[in-house]
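**Q**
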Amino acid sequence: LCKFGGTCINTVGSYKCACINGTEGFDCSINPDNCNMTYVGPDGLNYTNLCNFLDPFANCTDGFDTYTCDCSLGYKGEYCMDDVDECSEAAADPRNVTLCENFGTCVNTIGSYHCDCIFGTYGFNCSENPDDCDISNSTIDGVLYPNECIARDKKANCTDGFGTYYCSCSDQWTGPHCLTDVDECSFVPQPCINFGTCHNIPGDYFCDCINGTFGKNCDINPDDCVNVTACNTADPKANCTDGYASFTCTCSPDYIMEFCDLEMIIYNVLQLIGGGSANEYDLIAMLRDLLRNPSMMKDLVPFVIGLQSKENRTRMSWKAEDFFLWITYEERSLDLNKDIVTWNDVVLGNCFTFNHFNNSDRMYRMRSDGSQGGLKAAVRLNTPEYVPWTETSAIMTFIHPTTETIFSESPRYNAMPHAQTTIQSKESRFKRLGGKYGKCVRSKDQVASYYYEGSYTTDGCLRSCYQDEVKKACNCMDSRYPMAAKEIACELPDRKCVDSITAKGDVSTWAGCTCPLPCDNSQFDSSYTVAPFVKCSSKCNTYTPSQRVNNSACEDLDAQVDYAIINVQVPKIMIDIFEETPAWTFNRVIGNIGGLGGVVCGINLITFFEFGFFFFFQLPMTLIRKFFTFPMEDGAHLISFLDHHLMSRVKSITKFNDFESQDIFYGVSSNSNGDKLKIVEMHYKEPEVEFKHLFTLYDVARLVISDSCPFFIHRNDEGALRLFRFTEDHKKVEGRKIDLEFTGLRDFFVYKNFIYCQYHDSASDVCTINRYDVEKEKVEFIWKTEKTSCRNFLLDNHSDRILLLSARTLLLIDHDSLHVYTIECDIPYRPFYRLVSITDEGELTLSSRRQLIELFTATISEVENDLKSSCAKSLESESAHSNCDIRIRELELRLGALERKIEYEK
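Residue numbers are given in the working numbering: position 341 of the sequence shown equals residue 1075, and the series is strictly consecutive.
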């Protein structure tokens, strides 16, 4: 019955309520609102309640004679007058409550708090952090990017920060924002392996791999030894080592070379004799045959010995003191140093000659026959020093004429050891007439080549022919036989080529090898007998060599096995002489013809010579003059004549006009020995012409001859150029080295230490004129024209200038200034015009070098200060015809003199 917790007290007939504090009324139902009363606050002011004194958001709840405050966040206490320190409470909260995010700082305030945010964040709790990776907007290399991380490094990662961002670079870039390229090539070790070359590029690198490797870092090298058998083709113990696109063979001690395919013993031989030639494979095959058949060594040794100098070969063989025990002639001892000549042959070794042709001061004549008048010698065989492949132990003895040289194949007699060999010889001499009775040789100079000392022999000529054939085929000469000093000896690798020449058989049957018999020669017909030495006592024969040496009773010379005695003698002092004589002599022929002719016809000796002169001289000369005439300045027929009669192929002939005599002809000819320059002088003397050969220059590699002056340029095999001239008085050649371009040089002219050169470029069809200063050694350009028909140079002494004809254009070159004046001439065009002469008045003579004679004269009339001078012509003048007839007559006479000279020489 009582409200709000009032206590009901029963009374009679009724009740009453004992209300709690703050309530009132009969039933305690009246509870005044304590939240709307008047209270005095701390500041002395009246408030309906004190809950909102500080906390405006606090709620007041009425109670019973009191009220309760529900504080908002930030306040506490009975009347919400105590501030809550949110920052401290959050820090003390075990739940790790964070009021300020993103590293913001919590600051307490009355009834609340606020956050001090770091740069880049904002919001009440600093919870707002914009993504700087998306909003930074940077321009790099002209391109706008949201951030710098990805501007160059496309693989970089951008991480947002607080007011900034961070870059995580790939391996190829570095720097805060991945803008700096990493130079991978500077790493140690660098990324490219297997000798690859590293090249850095922005954001990466690449490797130049050597052959045989590939991959990003050249790290892939396939095994090249897989399925390789080359190393073990010859050497079964060789090992293969992988390389880069190759493999290396490691040979066993018995083999060498890249694939272990050459025996070490053959390699050592090649090093000794000089390997690496073009015939090395043939040489290796030959040495392998030699390993299988050692007896072949005796045929190979002379090739090796022949490559040694004569001094070395002499030292390798025995000396006379090693060879002779004693030597006598007519039972008188000879001096080995004075009476015996030691000389060396490649095949025979050292030879010892008595009565040698090079020892004329110690020549002995034969005065008595029999053993008392002969040559006798005791010689050692030195058998222990023989090379293993020697099959015979003997001393070779050659009997030959004093003036001749022997060969390894010459007839010989072998003196056996431990015996006396007696050789009895008889000399036969032969004399041949030669000439019209048959061909024979009186001197070595009469054959193409002869490389032996001493007098001419047919055998020496044939062997020289053999050497020439070897030279043509192998570019060297057989080292086993004599040769010219400048020639190259064939080495062992050339043996196959040399054998191919030897296989052709008898040299005397070869074409081009003419070796007549000598006009005078001798030969010895010999017989010999052998008598073994009488041995010592039988007791000495039972001794061993060491016992024999220690026993003085066995010291008799005859007991020595390793020596021989040679006795050369004539049975009778008599020489057989075989001499050819003409069956009909000239006197006998004349006598018979004159006698019989006088009886029959009344012919006398004078009439006979008159007929002979007419038929053999006057009639042939008349025919020759009729059919062989020479056009002016044209040597074509003269070339044909020289080619036919002088037995040499003449290439060209040139006449020099500078000499006053105008009788010097220079001709270029060639034969089997190569090109040569032949100089011929012909002097016109009434009523005949003298023909004289002045000089021949052999081994001409290439030359250019100027037909305007007595000079020529010669280039030797080494390419060096020399300028030669022939002096007018003695005609002797003089040479001077020059530094001049030789290619394309067509003609040249020498004047005052200057060489005017005319070049023709066949590719561009251009003619170029230069001048070479001999003293300063420099080249000056003068003129260039597409008219390639430039002719010869001509000197105008009066005006000190050089003339040159190009088609119809005449070039006048001033020697001092090198200015070129051109004159267009109206003369008929001839493809072979040549400048002949020019007078002081400017009258120029030109010749057309054709089969028919044409002479033209042109007068040069120059207008002052006018480069376009005129050229007045005068065609085929009478004087030209008369001069032409005179020159034809001169050449006819010269031809007659040439033929008479040749006929006389025949």
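All C-beta atoms, glycine included, are put in the ideal place defined by N, C-alpha and C.
Remember, it's a predicted structure, so these values are computed and weren't measured experimentally.
(1) In chain order, which continuous runs of the beta strand (DSSP E) of length 3 or greater are located wholly inside the segment 782 to 829?
(2) Give me whichever residues DSSP pairs with Glu1064 in a beta bridge.
(3) Based on Cα-Cα distance, which residue from Thr1556, Asp1507, Leu1034, Cys959 lies nearest to Trp1517?
(4) Using the Cβ count rule (16 or more neighbours within 10 Å means buried), how would you classify Ile844?
(5) Leaving out five residues before and five after Arg1535 in sequence, what residues of the same chain have Cβ atoms less than 7 angstroms from its Cβ?
(6) Once DSSP output is grouped into helix, strand and coil, what is the label at Asn1487?
(7) Per DSSP, Thr1139 forms a beta bridge with which residues?
(8) Name the DSSP beta bridge partners of Met1211, please?
(9) Looking only at its own chain, which residues have a Cβ that is under 6 angstroms from the Cβ of Cys851, when we skip the five neighbours before and after it?
(10) For Ile1235, which of helix, strand or coil comes out of DSSP?
(11) For Ser1382, name the three-state secondary structure that DSSP assigns.
(12) Taking C-beta to C-beta, are Asn881 and Ser870 nearer than 8 angstroms?
(13) Please report how far the alpha carbon of Pro956 lies from the alpha carbon of Glu997, in whole angstroms.
(14) May I ask you to verify whether the segment 1246 to 1266 touches the segment 1129 to 1144, counting CB pairs closer than 8 angstroms and requiring at least 3?
(15) From Pro1305 to Phe1164, what distance separates their C-alpha atoms?
(16) In whole angstroms, give me the CA-to-CA distance for Gln1154 and Met1020.
(17) Using a threshold of 8 angstroms, state whether the C-beta atoms of Asp796 and Asn768 are closer than that.
(18) How many Å lie between Asp761 and Asp799 at the Cα?
(19) Would you kindly check if the distance between the Cβ of Ala972 and the Cβ of Arg958 is under 8 angstroms?
(20) Using only the alpha-carbon positions, how far apart do Tyr1147 and Asp1228 sit?
(21) Between Thr802 and Glu758, what straight-line distance do the alpha-carbon atoms span, to the nearest angstrom?
(22) May I ask you to report which of helix, strand or coil DSSP gives Gln1154?
(23) Using 10 angstroms around the beta-carbon of Gln1278, count the other beta-carbons present and answer buried if the total reaches 16, otherwise exposed.
(24) Between the Cα of Lys1220 and the Cα atoms of Tyr1200, Tyr1185, Ile1235, which residue gives the shortest distance?
(25) Check whether the Cβ atoms of Gly1104 and Gln1303 sit closer than 8 angstroms, and answer yes or no.
(26) Is it true that the CB of Gln1180 sits closer than 8 angstroms to the CB of Ser1260?
(27) For Thr1048 and Thr1156, I'd like the C-alpha separation in whole angstroms.
(28) What span of residues does the beta strand (DSSP E) with Pro1266 cover, start to end?
(29) Write down the C-beta distance between Ser1177 and Leu1082 rounded to the nearest angstrom, noting that I regard them as a contact closer than 8 angstroms.
(30) Assign Ser1242 to one of two classes, buried (16 or more other C-beta atoms within 10 Å of its C-beta) or exposed (fewer than that).
(31) Are at least three pairs of beta-carbons, each pair with one atom in the segment 891 to 904 and one in the segment 918 to 926, less than 8 angstroms apart?
(32) Quick check on Asp915: does DSSP put it in helix, strand or coil?
(33) Measuring alpha carbon to alpha carbon, tell me which of Cys834, Met1031, Leu788 ends up nearest Tyr847.
(34) Count the other C-beta atoms from every protein chain shown that fall within 10 angstroms of the C-beta of His911, then say buried if there are 16 or more, exposed otherwise.
(35) So Cys952 is in the alpha helix (DSSP H); what residue range does that whole segment cover?
(36) Under the three-state reduction of DSSP, which class applies to Arg1197: helix, strand or coil?
**A** Taking the coordinates as given:
(1) 793 to 796, 801 to 804
(2) Under DSSP, Glu1064 shares a beta bridge with no residue.
(3) Thr1556
(4) exposed
(5) Leu1546, Ile1547, Asp1548, His1549
(6) coil
(7) DSSP, once it has assigned bridges, lists no residue as partnering Thr1139.
(8) Ala1223
(9) Gly838, Cys860
(10) helix
(11) Residue confidence for Ser1382 is low, a pLDDT of 42 falling below 50, so the modelled location carries little weight; the figure read from the coordinates is stated next. Correct three-state label for Ser1382: coil.
(12) yes
(13) Looking at the two C-alpha atoms, the distance is approximately 30 angstroms.
(14) The segment 1246 to 1266 vs the segment 1129 to 1144: in contact.
(15) Near 21 angstroms, if we compare the C-alpha coordinates of Phe1164 and Pro1305.
(16) 41 angstroms
(17) yes
(18) In this structure, the CA atom of Asp761 is about 16 angstroms from the CA atom of Asp799.
(19) The residue you asked about is not Arg; residue 958 is Asp in the sequence shown. Taking a C-beta distance under 8 angstroms as the contact criterion, Asp958 and Ala972 do not qualify as a contact pair.
(20) 32 angstroms
(21) 20 angstroms
(22) strand
(23) Reading off the sequence, residue 1278 comes out as Thr, not Gln. Exposed, because fewer than 16 other Cβ atoms sit within 10 Å of the Cβ of Thr1278.
(24) It is Tyr1185 whose Cα lies nearest to the Cα of Lys1220.
(25) yes
(26) no
(27) 28 angstroms
(28) 1254 to 1266
(29) Their Cβ separation, rounded to whole angstroms, is 27 angstroms, which puts Ser1177 and Leu1082 out of contact at 8 angstroms.
(30) Ser1242 should be labelled exposed.
(31) no
(32) Strand, per DSSP.
(33) Out of Cys834, Met1031, Leu788, Cys834 has the C-alpha closest to the C-alpha of Tyr847.
(34) buried
(35) Premise fails: Cys952 is in no alpha helix (DSSP H) and is neither H nor E.
(36) helix
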